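Student: Mapping of the sequence shown onto full-length UniProt numbering: residues 1 to 109, in sequence order.
The structure is given below, and queries will be raised subsequently.
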Amino acid sequence: MFIAFSILADDLVRLTSFLSCNQNESQTIDQYVTELKQKAADCGFGSLKDSLIKDRLVCGILSDHLREKLLGEKSLTLINCVNICRADEESRKQVKVTAAGTHNGNTLK
């Protein structure tokens with residue numbers, strides 16, 4: 001009985017770790033997805049794994065704007081979700097680079 005309880009408690013700890021995993025300020029989307037996949041691997045999700053990772057990704061990303069965009073997508077898969085997040089991340093980087101160039105007196109022609 002103690003062994004069974006210990007196994008259940010360990011499962012709950014792993015599940016809680018997955019469900020509470022949010023993107024950190026320093027994490028890229030790819031780093032966050034990798035962390036979610038690592039945590040999900042120990043949870044025994046079976047065929048639901050990709051769907052649950054996608055759901056956690058949508059809930060745990062830092063950007064509220066991106067979350068709204070993802071929630072508006074129909075038939076969102078993990079692959080589509082990651083691709084949308086990557087595109088958003090890349091466009092934000094480009095905006096920062098462009099803004100930095102403008103602030104330094106450089107203009108794009």
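A virtual CB, placed ideally from N, CA and C, is assigned to each residue, including glycine.
Note that the coordinates shown come from a computational prediction; the quantities given were computed from them, not determined experimentally.
Could you check which residue in Leu-71, Arg-56, Leu-48 has the C-alpha nearest to that of Thr-34?
Tutor: Residue mapping note: residue 34 aligns to position 34 of the sequence shown, counting from 1. Per the Cα distances, Arg-56.
Student: Which residues in the same chain as Gly-60 place their Cβ atom closer than 8 Å to its Cβ, once the five residues preceding and following it in sequence are excluded?
Tutor: By one-based count along the sequence shown, residue 60 stands at place 60. So the qualifying residues of the chain are Cys-21, Asn-22, Gln-23, Tyr-32, Leu-36.
Student: Return helix, strand or coil for Asn-80, following the three-state DSSP convention.
Tutor: Numbered from its first residue, the sequence shown carries residue 80 at position 80. Looking at Asn-80 - three-state DSSP - the assignment turns out to be helix.
Student: Can you check whether the CB of Leu-78 is closer than 7 Å to the CB of Lys-39?
Tutor: Translated into positions along the sequence shown, residue 39 becomes position 39. Translated into positions along the sequence shown, residue 78 becomes position 78. Contact: no.
Student: Does residue 114 come out as helix, strand or coil in the three-state DSSP assignment?
Tutor: The structure shown does not extend to residue 114, since the chain is modelled only from 1 through 109, so no value can be given for it.
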